[in-house]
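Report on the structure given below.
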Amino acid sequence: MDIISIDLPWRETKKGARALALADKGGNIKIAPAADDDELLRIVRDNARPGLLILLDVPIDGTENLGEGKYQRPVDMALLRQGIWVLPSRQAKARGKELEARLNREIKGITIQEIYPYAVYKFLAYLRDKQLLSHLKRDKFEVLLDDGFRAYRPPKYKREQQRERHLANMKYLYSLLTDPDFGLKFSPPLPRPDDSLTRGELDKLGDEYDACLGAIAGIYYANGSPYAYLAGDRDSGSILLLADRWLAAKLNN
Numbered sequence: 042m043d044i045i046s047i048d049l050p051w052r053e054t055k056k057g058a059r060a061l062a063l064a065d066k067g068g069n070i071k072i073a074p075a076a077d078d079d080e081l082l083r084i085v086r087d088n089a090r091p092g093l094l095i096l097l098d099v100p101i102d103g104t105e106n107l108g109e110g111k112y113q114r115p116v117d118m119a120l121l122r123q124g125i126w127v128l129p130s131r132q133a134k135a136r137g138k139e140l141e142a143r144l145n146r147e148i149k150g151i152t153i154q155e156i157y158p159y160a161v162y163k164f165l166a167y168l169r170d171k172q173l174l175s176h177l178k179r180d181k182f183e184v185l186l187d188d189g190f191r192a193y194r195p196p197k198y199k200r201e202q203q204r205e206r207h208l209a210n211m212k213y214l215y216s217l218l219t220d221p222d223f224g225l226k227f228s229p230p231l232p233r234p235d236d237s238l239t240r241g242e243l244d245k246l247g248d249e250y251d252a253c254l255g256a257i258a259g260i261y262y263a264n265g266s267p268y269a270y271l272a273g274d275r276d277s278g279s280i281l282l283l284a285d286r287w288l289a290a291k292l293n294n
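Residues 42 to 294 in the numbering used here are what the sequence shown lists, from first letter to last.
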């Protein structure tokens with residue numbers, strides 16, 4: 042595999058809630074759940090090869106600078122100014138840094154980068170609503186977003202308490218991940234949400250979808266797409282996401 046995108050809890054002691062999307066540059070994706078960090082590491086080791094890009098959905102750099110009223114890193118504040126909601130990175134403490142160190146210690150020849158699936162989701166959902174998703178296939182780096190992006194709220198698939206809305210929003214995300222404009226190939230097929238799933242099963246599926254969103258950004262990055270964008274810096278915190286010229290310029294300000 043070329044890319045492994047990992048959705049994980051911010052507390053190492055929490056069981057389950059880990060999903061890995063194993064992807065290659067051609068858009069082939071396989072999902073693997075993990076019960077804990079030990080199983081997560083085993084899956085990564087079993088699928089590692091030189092040049093592997095590992096994406097972690099947890100703050101990695103810059104959290105050591107937080108405290109005494111500081112809850113967000115500069116990159117988090119830049120996202121918030123553009124209407125991309127983020128949890129306080131201070132809550133993650135050293136979780137990302139410690140997992141990064143363990144991965145580097147046990148697996149050689151890898152690159153590790155922080156990812157934020159919701160930022161990818163909001164970007165893609167807005168483009169889909171504007172019928173602009175196909176533009177991401179082009180080599181030309183275009184202005185695709187506008188000021189309406191800040192106030193835009195895509196269907197909420199996590200932390201939605203009303204079951205019917207939760208299910209409908211999960212179905213929306215499923216349709217986004219399987220949109221022909223991405224050409225992703227899931228093996229086995231990506232699970233589809235339906236009425237038979239419990240709340241816990243929908244939450245587990247949401248973790249898997251988050252891993253897939255991270256994998257999309259990783260695939261664009263691995264293929265050298267101009268829309269793969271590293272926001273922030275390694276000292277204070279950086280996040281791999283998708284951005285057009287408009288968003289990239291705003292995040293740089």
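Here a beta-carbon is modelled for each residue, glycine too, at the ideal position from N, C-alpha and C.
task = Quick one: measure Cβ to Cβ for Y213 and R233, integer angstroms, because I've assumed they're closer than 8 Å.
result = By 1-based counting over the sequence shown, the position of residue 213 is 172. By 1-based counting over the sequence shown, the position of residue 233 is 192. The pair is not a contact, with the Cβ atoms about 12 Å apart (cut-off 8 Å).
ask   = Would you say P230 reaches chain B, if we count a Cβ-Cβ gap shorter than 8 Å as a contact?
value = The displayed structure is made up of one protein chain only, and chain B is not part of it.
request  = With distances taken Cα to Cα, identify the nearest neighbour of R143 among I70, R83 and L168.
outcome  = As a first step, residue 143 must be located in the sequence shown, where it is residue number 102. Among I70, R83 and L168, the Cα nearest to that of R143 belongs to R83.
key: Cutoff 6 Å; reference R114; Cβ partners in own chain excluding five residues on either side   = Against the sequence shown, residue 114 aligns to sequence position 73. Cβ-Cβ distances below 6 Å link R114 to G103, S130, S277 and G278 in the same chain, with the five nearest sequence neighbours on each side left out; the list follows chain order.
query = alpha helix (DSSP H) containing D248: first to last residue?
reply = Indexing the sequence shown from 1 puts residue 248 at position 207. Note, D248: alpha helix (DSSP H), R240 to A263.
request  = Could you tell me if N41 is buried or exposed, where buried requires 16 or more neighbouring beta carbons within 10 angstroms of its beta carbon?
outcome  = Not covered by the structure: residue 41. The range shown for the chain is 42 to 294.
ask   = Is the beta carbon of L49 sitting closer than 8 Å to the one on A62?
value = In the sequence shown, residue 49 corresponds to position 8, counting from 1. In the sequence shown, residue 62 corresponds to position 21, counting from 1. Between L49 and A62, the C-beta gap is not smaller than 8 Å, which leaves the two residues out of contact.
message = Along the chain, where does the beta strand (DSSP E) containing N88 start, and where does it finish?
response = The residue you call residue 88 lines up with position 47 of the sequence shown. Per DSSP, N88 lies in no beta strand (DSSP E); the unbroken alpha helix (DSSP H) holding it starts and ends at D78 to N88.
query = Out of I101, R206 and K199, which has the shortest C-alpha to C-alpha gap to D274?
reply = Looking up residue 274 in the sequence shown gives position 233. For the residues I101, R206 and K199, the minimum Cα distance to D274 belongs to I101.
key: Rounded straight-line distance, which links the Cα of M118 to that of G108   = Indexing the sequence shown from 1 puts residue 108 at position 67. Indexing the sequence shown from 1 puts residue 118 at position 77. So the alpha carbons of these two residues sit roughly 15 Å apart.
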